[in-house]
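Reviewing the structure listed below.
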Amino acid sequence: MSKRQVKIYPRFERIWHWTQALLILVLLFTGMGLNGLHHIIPFGPAVIFHTIAALLLLVLWIFATFWLFTTGTWRQFVPTLDGLVDVIRFYAYGVFKGEKHPHKKVIWRKHNPLQILAYFGLKVAVFPLVWITGILYMTYNFWEHIPDAGFYLNIVANLHL
């Protein structure tokens, strides 16, 4: 019997993944520069690069969200407890004993239950927080006149990290 190889991740998902990874690395690098952790890029250009990368990532996420919902792929990111204990046990113990991974990738369920929980947490908590605080940070000039704006800006800046 011959084996047939099937690409589980279509071209769009691979492009989306690697573009997202690159943009996030640019954001991390420029963000560290903006916070004074390095001086490789001067502050002004770092702000510009950071803003452009953030806007590109936002556009990418809008396209990806549209794609996820129109293709039904969003179901990949709905958390499930089915098999979660097995995967946690594997990563806590089995991986060190050379055991076989308990999750088998299939087209309709690409991620293991632990990955799904991580992605779900990122998509519903971390990413929205980063975007909301980033947009508030970028639009500070529009709300700087409110009382205690500097105090709120400090909160926004710390949450944006």
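Mind the numbering: the sequence shown is residues 2 to 162 in my numbering, read in order.
A virtual CB, placed ideally from N, CA and C, is assigned to each residue, including glycine.
Computed from a predicted structure; not experimentally measured.
Judged by DSSP in its simplified three-state form, residue 5 adopts coil rather than helix or strand. Following the DSSP letters along the chain, one finds residue 92 inside the alpha helix (DSSP H) bounded by residues 85-93. Using a Cβ-Cβ distance cut-off of 8 Å, the region 3-21 and the region 44-55 are not in contact, since fewer than three pairs of beta carbons, one from each stretch, lie closer than that value.
By the beta-carbon neighbour count (other beta carbons within 10 angstroms, threshold 16), residue 88 is buried. When C-alpha distances from residue 24 are compared across 52, 99 and 42, the shortest belongs to 52. Taking C-beta atoms as the reference points, residue 84 and residue 43 fail to come closer than 7 Å. Between the region 145-159 and the region 113-128 there are fewer than three inter-stretch CB-CB distances shorter than 8 Å, so the stretches are not counted as touching.
The Cβ-Cβ distance between residue 160 and residue 134 falls below 7 Å. When the Cα atoms are used, residue 116 and residue 154 turn out to be separated by approximately 33 Å.
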